[in-house]
Each structure stands twice: as C-alpha cells, then as structure tokens.
C-alpha cells in the first residue's frame with residue numbers, strides 16, 4: 002500500500018513489542034543477569050558477545066558493534082527494507098499498519114516513515130536515473146569505443162563492469178542535464194545531488210564529462226554518488242561527487258555493498274586506495290576489498306567496517322606517502338579497537354598497487370601478502386620506535402613518551418591491557434609504573450600575569466584544545482576518559498538514551514543557543530521525551546531510524562562506557578550546565594584562538610592585555626558551569 006507510515010504508529014509499535022521475544026524467535030537467547038545474550042548472528046564468534054537489554058529495548062554486539070531496536074534487528078537479520086520490517090513486526094502483534102499520503106518529517110524531530118519513503122527519496126531516484134544514463138552510454142554512445150578500450154586495457158571484463166555498474170559520461174556540457182534535469186525542480190535536485198554544477202556566473206553544466214563513471218552505493222545498494230576517471234588530459238584524474246544530503250564521504254566505503262553481496266559471511270575487509278584496485282581484486286576473486294572516497298580512513302569508516310567484520314587490513318604503497326597514510330589510519334583505528342577486533346597493515350613494493358600486482362602475480366600471491374600483514378600493535382611500536390636506540394634508557398624513555406598518548410586512545414578491555422604490557426616489555430618498565438604515567442597530573446592554568454614586550458608569550462598550540470564543543474583546558478584524568486572521544490552534546494544524548502526519564506528535569510529552553518546538528522537532535526529528544534516520558538531506548542532509535550541522527554543514536558546506545566553506574570542524574574545536570582554556557586564559551590575561545598594565531602611580536606598592546614582577560618573569563622565561566630556552579634550567573 003502506498004503512503005508513509007505515521008511516526009506515532011512506529012513509536013507505539015516499538016512500545017508494544019518485546020525485543021527479547023522478537024530476537025529469541027530467530028536467535029536462541031540465554032538469560033545472563035538482567036540481560037540476554039547469544040553468539041552474534043551478524044559475525045562469526047565462539048564466545049557470546051551479543052547482548053539484548055529488555056529494559057532499554059535494544060541489542061548491542063560488543064564484537065562487531067551491531068546495535069538497534071526490534072525493527073532494526075528484523076531489517077538486518079531478514080534482509081528487509083524498513084516498511085517490510087514494520088509490517089512483519091506489526092503482523093506478529095496483530096496490528097494493522099496505517100498509511101498516510103503526506104510527506105516530510107513530523108514534529109520537526111523524528112522520521113515519519115521508512116528509508117524508501119524518506120524526504121530524500123526523489124534524490125535517490127535521480128541518482129538511479131543518472132546511473133542508468135551512464136551505463137547506457139557505455140553500451141551504446143557513439144564514442145563508447147574509447148572507454149571500452151580503456152577498461153579492456155586495464156584487464157576488466159564486461160561481467161565485472163556490469164557487477165559494479167560502470168558507465169560513461171560522454172563529452173559535452175549538458176548530456177546528462179537533457180536527460181534528467183528538465184524543469185526547474187529537476188535541475189535544482191540535480192545540483193543538490195552534485196551531478197550538475199552551477200557556477201558563480203549562474204551557468205549550469207554536467208559535473209562529469211568524458212569520464213569512466215563508478216557509481217558509489219550505500220550499504221543498502223542505493224546509488225548515492227559517482228566517481229569519474231578522466232579519459233583525456235583533463236584534471237583532476239579522478240573526480241568525486243561533492244557532499245550531498247545522501248552522500249558523506251567520511252562515512253561511505255566504495256565497494257562495501259558489492260563485498261557484502263558477494264560474501265554471505267565476511268571475515269575481513271581489505272582497505273585499498275582506489276576504485277580500480279577494488280574492481281581488479283574482485284575480478285581476481287578477491288571480493289572483500291573496499292576503498293575510501295578521496296579522504297583518509299576515518300574512525301567512522303572503521304566503526305562501520307567493524308560492524309560487518311572482525312578484521313580490517315589496510316593496503317598502502319610502500320613509499321613515504323604510504324607510510325604517512327598508514328599512520329593516519331592507525332590513529333583513526335585506535336579508538337575503535339575493542340576486544341575481538343583486529344587491524345593490520347600491508348605495504349606493497351614501490352611502484353605496485355593491488356590492481357597491477359594481482360594482474361601480474363595472481364590472487365594467491367596477493368592473499369599471501371594479506372596474511373603476512375603487520376598487526377596494529379607491531380606497526381604502532383615500529384612507528385614510535387623509529388630512530389630510537391632502545392638499548393639506551395633515553396631511547397626507551399622516548400618510546401614511552403611517544404606511545405603512551407596513542408595507547409590512551411584504546412577502549413577499555415583486554416587488548417588495551419595487553420598493549421600496555423607490550424610497552425612495558427619494550428621499555429623495561431614495570432606495568433604498574435606505566436599505568437601511573439598513563440594519567441598525567443593536571444596542568445597549571447595558563448598564566449594571566451600582565452605581559453611586557455620582553456616576556457615570551459605564555460601559551461603554545463596545545464594548551465587550548467578547540468573543536469565544535471571545547472573540553473576543559475586541563476588534561477583529562479582517568480575519570481574523564483569516557484569524554485575524550487565524544488562532545489558534551491553527545492554525552493547528554495547518550496545519557497538520555499540510557500535513562501530517558503532524566504529529560505523531565507531538563508530546561509529545554511536553556512539550549513536554544515546551542516548550534517549544529519547534534520544540538521538540534523538534543524533539543525528534539527528533550528521535546529519528545531518531555532511529551533512521552535514512558536519512551537524507551539528502542540523507541541528513540543526507531544524515531545530517528547534511517548537518518549544520520551539515527552546512526553549517531555545507534556552508536557551511542559552501544560557505548561555503555563559513557564554511562565556512569567551511579568549519579569547519572571547529577572552527571573546529566575552537570576553537562577546541561579556546560580551546554581548552556583557553551584555559546585558564550587565558544588565566542589571567548591574563538592577570540593583567544595584568533596589572538597594566538599598571530600606571532601607574539603605582531604600583537605598590539607591592547608591585544609596583549611586582552612588575552613589574559615579572556616583566559617580569566619574562560620576560567621571563571623568553566624568554574625560557574627562546573628558541578629557546583631550555575632552557568633551564566
């Protein structure tokens with residue numbers, strides 16, 4: 002039946018459903034304390050790490066990170082779309098699914114239907130039409146011989162081109178526009194989708210021209226963007242779609258959908274650097290390769306990967322640039338390395354890439370290299386020990402100083418403890434001594450003494466960490482470790498997910514000055530929870546299902562480490578005070594950063610006097626917004 006599913010019905014459905022019953026029908030659960038557990042149905046494991054919480058009505062796998070509510074489980078387990086999963090769950094409860102012929106979001110907060118009925122449905126449809134246009138041009142355009150000859154020269158067959166949906170953007174400025182962007186609304190949608198460009202002079206034209214086209218699909222197989230490889234001498238050699246409402250390059254991995262389609266059970270992903278590497282490996286029978294989309298591997302890439310596999314192997318060139326890229330990937334991987342996960346690093350010979358190597362030496366030779374890749378722990382100590390003489394005390398002390406900040410990023414668990422033991426072995430220090438060094442003492446606050454022309458500036462680039470929601474100036478203690486990788490807004494959201502009832506005491510209006518998508522989400526959650534105090538974690542996940550906000554909620558729902566065992570109300574009140582003070586704090590910090598960005602000798606006398614005043618104001622504001630203060634007195 003056509004029409005969207007009302008959000009109120011979805012909320013009611015999740016209120017009535019018992020996630021334990023839903024999952025136990027498909028995966029046999031065992032009672033373990035207040036929760037239920039089983040071996041995860043989404044990855045291979047021998048020891049159960051899949052947990053179902055009946056109070057919060059959501060599941061979480063500590064091995065692969067899979068998380069969600071009853072509807073999400075049915076979608077993933079039965080490989081269903083959102084509307085079908087809702088129909089299935091409703092049918093089990095004897096409920097009829099209503100439909101309504103309206104569009105948009107309800108109440109400005111949650112989703113109003115399944116993914117196929119999202120506000121971006123027209124954009125997804127457009128991208129599919131574009132993909133079909135490019136595929137047809139590769140088969141029948143009058144200039145098809147050039148792209149076909151290029152693909153054949155790279156050793157690709159028609160079958161692999163079909164499997165990855167390869168296409169051709171013909172030369173010319175408006176081939177695609179004529180096909181998919183007739184009319185003002187269609188043209189506007191094509192510009193939003195990134196397939197048509199509008200320049201400063203108001204001229205519109207096709208983004209991709211005379212290029213091989215690589216459709217980029219999300220994990221459900223929907224085309225969300227394109228990559229284009231030039232056939233002539235134009236620059237850049239490779240061109241990707243820009244960020245759009247449905248494409249976020251820091252989240253997506255090229256080839257992930259195809260890898261999951263080709264492998265019923267994935268045991269590892271191989272992260273390579275380009276489209277052609279992914280496709281060449283797939284043609285050689287290695288169907289578990291993926292590539293980032295013009296960006297460095299991010300923590301979000303890895304969290305998404307570890308949802309499907311327990312192991313990720315990074316494949317880089319063996320030159321200096323490849324080593325630097327590998328170090329960036331390692332830094333992104335550290336916060337994701339929960340127990341049961343593994344990351345390894347493979348460096349190819351100079352001048353080789355996966356495409357050329359597999360064509361010259363075959364799949365077995367490449368797989369042998371994969372199996373011999375360096376584990377993360379070996380690569381980390383190799384990098385941090387470079388140039389040090391570990392036979393000397395100075396060298397071992399330097400290794401400790403370099404490695405400790407990295408090890409602090411690891412999540413709590415056995416792997417983290419083993420890494421500290423490995424560092425202790427390499428340095429000759431007792432483990433207890435290293436653990437004391439792990440938590441550095443709080444630093445003294447920045448000096449606020451008046452400055453003279455002769456005095457050096459009392460700051461450096463590290464004493465004021467600035468991001469979208471700055472943390473305190475002091476270094477984090479062990480008690481603060483849960484805060485290191487999340488913002489205050491995310492902490493507040495996580496606390497609401499795990500104990501929705503605390504929303505009743507919050508002053509929603511005090512957050513009106515909070516900006517950004519996370520601030521909007523926090524306000525929307527408070528609005529919803531203050532209207533529906535009986536809401537569960539599972540209902541909240543369902544309310545934002547299929548949106549970027551929903552992905553954030555799913556990730557935070559599984560992070561029990563963010564939640565204190567006691568005093569959750571006090572911690573929430575403390576964070577709310579900080580968030581209330583945040584807009585003013587942000588303005589002060591931005592002004593401090595502006596002054597610090599200038600060489601000291603270029604500061605005027607007024608600027609030099611202003612800086613300590615700003616530092617004092619920042620310190621006073623933090624004191625007022627702390628646990629015993631009130632923001633914005």
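Numbering (this note's numbering), first residue to last: 2 to 634.
Yeah, the Cβ is synthetic: ideal placement off N, Cα and C, and Gly gets one too.
Computed from a predicted structure; not experimentally measured.
- If the five residues before and after residue 337 are omitted, its C-beta is found closer than 7 angstroms to the C-beta atoms of 300, 303, 304 and 307, all from its own chain and listed in chain order.
- Residue 556 has its alpha-carbon roughly 16 angstroms from the corresponding atom of residue 537.
- In this structure residue 368 is not in contact with residue 280, their Cβ atoms being roughly 17 angstroms apart against a cut-off of 8 angstroms.
- In this structure, the beta-carbon distance from residue 168 to residue 125 does not fall below 8 angstroms.
- Annotation: the continuous beta strand (DSSP E) that includes residue 230 extends over 224-231.
- Counting along the chain, the unbroken beta strand (DSSP E) around residue 314 starts and ends at 312-318.
- Proximity to residue 292 across 331, 343 and 217 peaks at 217, based on C-alpha coordinates.
- In this structure, residue 394 sits away from residue 493, with a CB-CB distance that is not shorter than 8 angstroms.
- As DSSP reads the structure, residue 135 sits in no beta bridge.
- Residue 61 is not a Cβ neighbour of residue 24, given a cutoff of 8 angstroms.
- DSSP, reduced to helix, strand and coil, places residue 376 within a strand of the structure shown.
- DSSP places residue 24 in the uninterrupted alpha helix (DSSP H) bounded by 20-25.
- The continuous alpha helix (DSSP H) containing residue 416 extends over residues 415-428.
- Taking 8 angstroms as the cut-off, the beta carbon of residue 207 is found closer than this to the beta carbon of residue 197.
- In this chain, the beta strand (DSSP E) harbouring residue 198 covers 197-199.
- When DSSP states are grouped into helix, strand and coil, residue 63 belongs to the coil group.
- DSSP, read as helix, strand or coil, puts residue 101 in strand.
- Sequence-distant partners of residue 251 (beyond 5 residues in either direction) whose C-beta falls short of 8 angstroms from its own C-beta, in its chain, are 296, 299, 301 and 302.
- For residue 192, the enclosing alpha helix (DSSP H) begins and ends at 185-193.
- No residue range can be given for residue 28, since it is assigned to no alpha helix (DSSP H) and is classified by DSSP as neither H nor E.
- In the structure shown, the three-state DSSP call for residue 69 is strand.
- The continuous beta strand (DSSP E) containing residue 290 extends over residues 290-292.
- The stretch 320-367 contains, as complete alpha helix (DSSP H) runs of 4+ residues, the segments 321-334 and 355-362 (chain order).
- Per the DSSP secondary-structure output, residue 273 pairs in a beta bridge with 292.
- By the C-beta density criterion, residue 362 is exposed, having fewer than 16 other C-beta atoms within 10 angstroms.
- In the three-state scheme derived from DSSP, where H, G and I count as helix and E and B as strand, residue 589 is classed as helix.
- For residue 524, there is no enclosing beta strand (DSSP E); the enclosing alpha helix (DSSP H) covers residues 517-532.
- In the three-state reduction of the DSSP assignment, residue 168 falls in the strand class, which pools E and B.
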